[in-house]
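Trainee: Numbering (our numbering), first residue to last: 1 to 284. Can you read through this structure? Questions will come right after.
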C-alpha cells in the first residue's frame with residue numbers, strides 16, 4: 001500500500017534519525033531499522049512465491065515507493081553504516097528498471113563500501129556492471145523513476161546510465177568479463193543497437209560518435225576475447241575509413257592521360273657506295 005504524504009514525511013524523518021545515530025562500519029541501529037527489516041522480510045517472502053521473472057520485476061517496482069523515505073534518509077544523512085534494507089532495495093531498483101534511483105544508491109554504496117546481502121555472492125562493482133549491461137543487451141531496458149504519483153517512465157538515454165555505471169565502478173576491482181560487457185552495452189546504446197546479431201545502421205551516426213563506439217568495443221575485446229564485438233568493429237572501421245576519404249566532386253572527370261610523344265620517322269637506310277670499276281687497258 002502506498003504511503004500518504006504525511007506517512008512519507010514521518011518515515012523520512014525517522015530514517016534520517018536512525019542513519020545519523022549509526023556510525024560507519026556497524027549495522028544501522030534503532031527500532032525504525034528493525035521495522036524496515038521486518039517489512040523487507042515480508043516482501044521477500046512475497047517475491048519468493050512468484051515464479052515469473054517479469055512478475056517479480058513489476059512487484060519490486062510496486063514495492064519500491066514504500067522504501068523511498070528510508071532510501072532518501074540514508075542518502076541525505078547516512079554515515080556509511082551497514083544497511084541491508086538499502087543495499088537490497090538498490091538491487092531491486094535495478095531489477096525494476098529504476099536506474100536513476102539505483103545509480104544514486106550505488107554511488108553511496110561504493111563510497112562507503114557497503115556490503116551486499118549474502119545471497120548475491122558478488123561484489124557491488126560486478127553486480128552493477130552485470131545487471132545494467134545485461135538489462136540493455138538482453139532487451140529488458142524499460143526505465144522508470146519515482147515521483148509523487150509513484151513510478152513513471154524515465155526518458156534518460158541508456159548510454160548515459162551505462163556511462164554512469166562505468167564512472168562509479170572505474171576504481172573498483174571487478175572481473176574483466178563484467179567490465180567488457182559494460183563497454184559493449186554502452187557502445188551499442190550509443191548506436192541504438194541491442195542484440196549482437198542485429199545489423200548496424202551507421203549512415204546517420206556522427207563520425208565522432210563512431211570513433212567513441214570503436215574505442216569502447218576495442219576495450220571490450222581487449223578485456224574479453226569472447227565478447228562478440230569483432231564483426232561490428234570491422235564494420236565501423238570500414239565506415240570510418242569511408243568517412244575519412246576525401247569526397248570526389250559530382251560529375252568530375254577523370255584526369256586526361258598524358259599526350260603520347262609524336263612518332264619520329266625512322267632514318268632512311270644508308271646506301272653502301274659501289275666501288276668504281278677499273279678502266280679498261282688499251283690494246284697494244
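We treat Cβ as the ideally placed atom computed from N, Cα and C, and that holds for glycine. On a predicted model such as this, the values are computed, not experimentally measured, just so you know.
Whose C-beta lies closer than 6 Å to the C-beta of residue 89 among residues of the same chain, with five residues either side of it excluded?
Mentor: Locating residue 89 in the chain shown gives position 89, counting from the first residue. Result list for residue 89: 67, in chain order.
Trainee: Which residues bound the beta strand (DSSP E) around residue 147?
Mentor: Taking the first residue of the chain shown as 1, we reach residue 147 at position 147. Residue 147 -> beta strand (DSSP E) spans 144–147.
Trainee: Would you identify the three-state DSSP class for residue 27, choosing helix, strand or coil?
Mentor: Your numbering for residue 27 matches position 27 in the chain shown. Residue 27 falls in the strand class under three-state DSSP.
Trainee: Who are residue 153's beta bridge partners in DSSP?
Mentor: In the chain shown, counting from the first residue as 1, residue 153 sits at position 153. Paired residues: 144.
Trainee: What did DSSP end up calling residue 239 once you bin it into helix, strand or coil?
Mentor: In the chain shown, counting from the first residue as 1, residue 239 sits at position 239. Three-state result, residue 239: helix.
Trainee: Taking just the CA atoms, how far does residue 123 sit from residue 40?
Mentor: Start at 1 with the first residue of the chain shown, and residue 40 comes out as number 40. Start at 1 with the first residue of the chain shown, and residue 123 comes out as number 123. Answer to the nearest angstrom: the Cα atoms are 21 Å apart.
Trainee: In angstroms with no decimal places, state the Cα-to-Cα distance between residue 288 and residue 182.
Mentor: This structure does not reach residue 288, given that the chain is present from 1 up to 284, and the question cannot be answered.
Trainee: Alpha carbon to alpha carbon, how far is residue 60 from residue 174? Give it in angstroms, no decimals.
Mentor: Along the chain shown, read from residue 1 onward, the residue named residue 174 stands at position 174. Along the chain shown, read from residue 1 onward, the residue named residue 60 stands at position 60. Their Cα atoms are separated by approximately 27 Å.
Trainee: If you draw a straight line from the alpha carbon of residue 242 to that of residue 136, how long is it in whole angstroms?
Mentor: For the purposes of this step, residue 242 is taken as the residue at position 242 of the chain shown. For the purposes of this step, residue 136 is taken as the residue at position 136 of the chain shown. If I take the Cα positions, the gap works out to 30 Å.
Trainee: Closer than 8 Å by C-beta to residue 210: which residues in its own chain qualify, once you throw out the five before and the five after it? Chain order, please.
Mentor: Against the chain shown, residue 210 aligns to sequence position 210. Around residue 210: 202, 236, 239, 240 and 243.
Trainee: For residue 138, which of 17, 189 and 91 has the nearest alpha-carbon?
Mentor: Within the chain shown, residue 138 is the residue found at index 138, counting from 1. Answer by Cα proximity: 189.
Trainee: Going by the beta-carbon positions, is the gap between residue 224 and residue 180 smaller than 8 Å?
Mentor: Position 224 of the chain shown, counted from the first residue, corresponds to residue 224. Position 180 of the chain shown, counted from the first residue, corresponds to residue 180. For residue 224 and residue 180, yes; Cβs fall inside 8 Å.
Trainee: Which of helix, strand or coil does DSSP assign to residue 276?
Mentor: Position 276 of the chain shown holds residue 276. Unreliable placement is indicated for residue 276, whose pLDDT of 49 sits below 50; the coordinate value is still reported in the next sentence. Residue 276: coil per DSSP, three-state reduction.
Trainee: For residue 82, name the three-state secondary structure that DSSP assigns.
Mentor: Numbered from 1 along the chain shown, position 82 holds the residue referred to as residue 82. Residue state, collapsed to three classes: strand.
Trainee: For residue 211, name the three-state secondary structure that DSSP assigns.
Mentor: Sequence index remark: in the chain shown, residue 211 carries index 211 (1-based). Residue state, collapsed to three classes: helix.
Trainee: Give the C-beta separation of residue 50 and residue 71 to the nearest angstrom, bearing in mind that I take them to be a contact with Cβ-Cβ under 8 Å.
Mentor: Along the chain shown, read from residue 1 onward, the residue named residue 50 stands at position 50. Along the chain shown, read from residue 1 onward, the residue named residue 71 stands at position 71. Going by Cβ atoms, the distance from residue 50 to residue 71 rounds to 23 Å, so no, they are not a contact pair.
Trainee: Can you list, in chain order, the residues of its chain whose CB lies under 7 Å from that of residue 283, leaving out five sequence neighbours each side?
Mentor: Taking the chain shown and counting its residues from 1, the one referred to as residue 283 is at position 283. Model confidence at residue 283 stands at a pLDDT of 44, short of 50, so the residue's coordinates are unreliable; what they give is reported in the following sentence. Nothing meets the Cβ criterion.
Trainee: Output needed for residue 101: all residues of its chain with C-beta closer than 7 Å, excluding positions within five of it in sequence on either side, in chain order.
Mentor: Here residue 101 is taken as the residue at index 101 of the chain shown, counted from 1. If we look at residue 101 and ignore the five residues flanking it on each side, its Cβ neighbours are 93, 145 and 146.
Trainee: Less than 8 Å between the beta carbons of residue 125 and residue 172, yes or no?
Mentor: For the purposes of this step, residue 125 is identified with residue 125 of the chain shown, where counting begins at 1. For the purposes of this step, residue 172 is identified with residue 172 of the chain shown, where counting begins at 1. Yes, the pair counts as a contact, with Cβ atoms nearer than the cut-off.
Trainee: Runs of 4 residues minimum, wholly inside the segment 102–144: which ones carry the alpha helix (DSSP H) assignment?
Mentor: If we require 4 residues or more, the alpha helix (DSSP H) runs fully inside the segment 102–144 come out as 124–137.
Trainee: Quick one: using the 10 Å Cβ neighbour count with 16 as the cut-off for buried, is residue 97 buried or exposed?
Mentor: One-based indexing of the chain shown puts residue 97 at position 97. Buried, by the Cβ-count rule.
Trainee: Hey, how far is the Cα of residue 73 from the Cα of residue 64?
Mentor: The residue labelled residue 73 in the question sits at position 73 within the chain shown. The residue labelled residue 64 in the question sits at position 64 within the chain shown. The straight-line gap from Cα to Cα measures roughly 14 Å.
Trainee: Take residue 79 as the anchor and find which of 17, 176 and 228 has the nearest alpha-carbon.
Mentor: Within the chain shown, numbered from 1, the residue matching residue 79 stands at position 79. Answer by Cα proximity: 17.
Trainee: Would you mind giving the Cβ-Cβ distance between residue 220 and residue 184, rounded to the nearest angstrom? I have them listed as a contact below 8 Å.
Mentor: The residue labelled residue 220 in the question sits at position 220 within the chain shown. The residue labelled residue 184 in the question sits at position 184 within the chain shown. Yes, residue 220 and residue 184 are in contact; Cβ-Cβ is about 5 Å, under 8 Å.
Trainee: Decide if residue 19 is buried, meaning its Cβ has at least 16 other Cβ atoms within 10 Å, or exposed.
Mentor: Here residue 19 corresponds to residue number 19 of the chain shown, with the count starting at 1. Flag for residue 19 reads buried.
Trainee: Determine the DSSP secondary structure at residue 175, reduced to helix, strand or coil.
Mentor: Within the chain shown, numbered from 1, the residue matching residue 175 stands at position 175. Residue 175 falls in the coil class under three-state DSSP.
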